[in-house]
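Residue numbers (my numbering): 231 to 439. A quick write-up on the structure given underneath.
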Amino acid sequence: MRTSKDPIIRKNEILDVASKLFAEKGFDHTSTREIIDQAGIARGTLYYHFKSKEEIMDALVERTTAELFAAAKKVAADQTIPVYQRFVQTVLALRLDTSDGEDMMDFVHKPQNALMHQKMQTAVVTEITPVLASIVEDGIQQGIFQTDYPYETMEMAIVYATAAFDDQELVPQSEEIQLQRVSGFFYLLERMLGVEEGKLAKEMEGMFE
Numbered sequence: 231m232r233t234s235k236d237p238i239i240r241k242n243e244i245l246d247v248a249s250k251l252f253a254e255k256g257f258d259h260t261s262t263r264e265i266i267d268q269a270g271i272a273r274g275t276l277y278y279h280f281k282s283k284e285e286i287m288d289a290l291v292e293r294t295t296a297e298l299f300a301a302a303k304k305v306a307a308d309q310t311i312p313v314y315q316r317f318v319q320t321v322l323a324l325r326l327d328t329s330d331g332e333d334m335m336d337f338v339h340k341p342q343n344a345l346m347h348q349k350m351q352t353a354v355v356t357e358i359t360p361v362l363a364s365i366v367e368d369g370i371q372q373g374i375f376q377t378d379y380p381y382e383t384m385e386m387a388i389v390y391a392t393a394a395f396d397d398q399e400l401v402p403q404s405e406e407i408q409l410q411r412v413s414g415f416f417y418l419l420e421r422m423l424g425v426e427e428g429k430l431a432k433e434m435e436g437m438f439e
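Structure follows, in C-alpha cells:
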C-alpha cells in the first residue's frame, strides 16, 4: 500500500525543484510540466499545494525571506542592545552571506527572474520598515533620534537602498560611484533622523563592503 508523504515535506520538495529550474531557466521559461516531471509527482499533487506557477514563486519568496526576517526581528526586539548597535545589527541580519544566500541573490538578479526580484524587494519594504521604525521610536524616546516620521523615514530609506545598492540593472554603478552613493545615503539618513553628521555612518561602517 502506498503511503502519503507529509504535506510539508512534499511542498518543500516541490519548491526545491522549482527553485533549481527557475535558477537554470528563469521563471518565465519554466513550465509546470517540467516541475511535475522533475519532482516525480502527479499534476494533481502539484495543484493540491499550488494553484499556479505564480503561487510557487510566492512561496519561494516567503521561504527565502522568512528566516532572514525572523533573525532581524529577534535582534530588533532585544532591548538590552543599545539603539545604534541594534539598528546596525538588525540590518546586518538581513545580509545573505552564506553560499546558499549568494546563490539565491545571483538567481533573483537574473533578468528572467525580475518578477521574483521585485516580489522580494516588496517583501523587504513591507516587513522590515516597521521593524526598523520601532528601533527609531526607541531612539526618539531616548533622545538619540529626532523625527516626527519614524515609519516614513525608514520606508524611504529601505526603498532607496534596495534600488540604489541592490539593483545594478536599475542603477548601474562603478565601485567609485557606489562609495559616493553610500556616503550620500548616510548623509541624508542622518538628517532625516536628526543625528549629528557622521554619527550613523561611523556606526554602520563596513555594512556595504
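All C-beta atoms, glycine included, are put in the ideal place defined by N, C-alpha and C. Computed from a prediction, not measured in an experiment: that's the story for all the values here.
- If you look at P380, you'll find it in the alpha helix (DSSP H) that goes 380-391.
- Distance from the CA atom of S404 to the CA atom of V313, rounded to whole angstroms, is 33 Å.
- With 16 or more other CB atoms across the displayed protein chains lying within 10 angstroms of its CB, S249 is buried.
- Secondary structure at I374: coil, using DSSP grouped into helix, strand and coil.
- The beta-carbon distance between I388 and V412, rounded to whole angstroms, is 15 Å. This is too long to meet the 8 Å contact definition.
- The C-alpha of D258 lies about 25 Å from the C-alpha of F395.
- For P380, the number of other beta carbons within 10 angstroms of its own is at least 16, and it is reported as buried.
- Between R240 and I271, the gap from beta carbon to beta carbon is short of 9 Å.
- In this structure, DSSP gives A306 a helical state, which the three-state scheme calls helix.
- Excluding residues up to 5 positions away in sequence, T260, E264, I265, Q268 lie with their Cβ nearer than 8 Å to the Cβ of L251 in the same chain.
- Contact between A289 and F299 does not hold, since the beta-carbon distance rounds to 15 Å and is not under 8 Å.
- The C-beta of L409 has fewer than 16 other C-beta atoms within 10 Å across all chains shown, which makes the residue exposed.
- Within 10 angstroms of the beta-carbon of I365 lie 16 or more other beta-carbons, which makes it buried.
- Contact annotation, T262 with K283: C-beta distance approximately 6 Å; criterion of less than 8 Å satisfied.
- Only residues of its own chain outside the window of five on either side were considered, and among them Y381, M384, E385, I388 have a CB closer than 7 Å to the CB of T359, listed in chain order.
- For V313, the uninterrupted alpha helix (DSSP H) run begins and ends at 313-322, by DSSP.
- Excluding the 5 residues flanking it on each side, K349 has same chain C-beta neighbours closer than 8 Å at M287, D288, V291, in chain order.
- Looking from the CA of R325, the closest CA among N343, A344, A296 belongs to A296.
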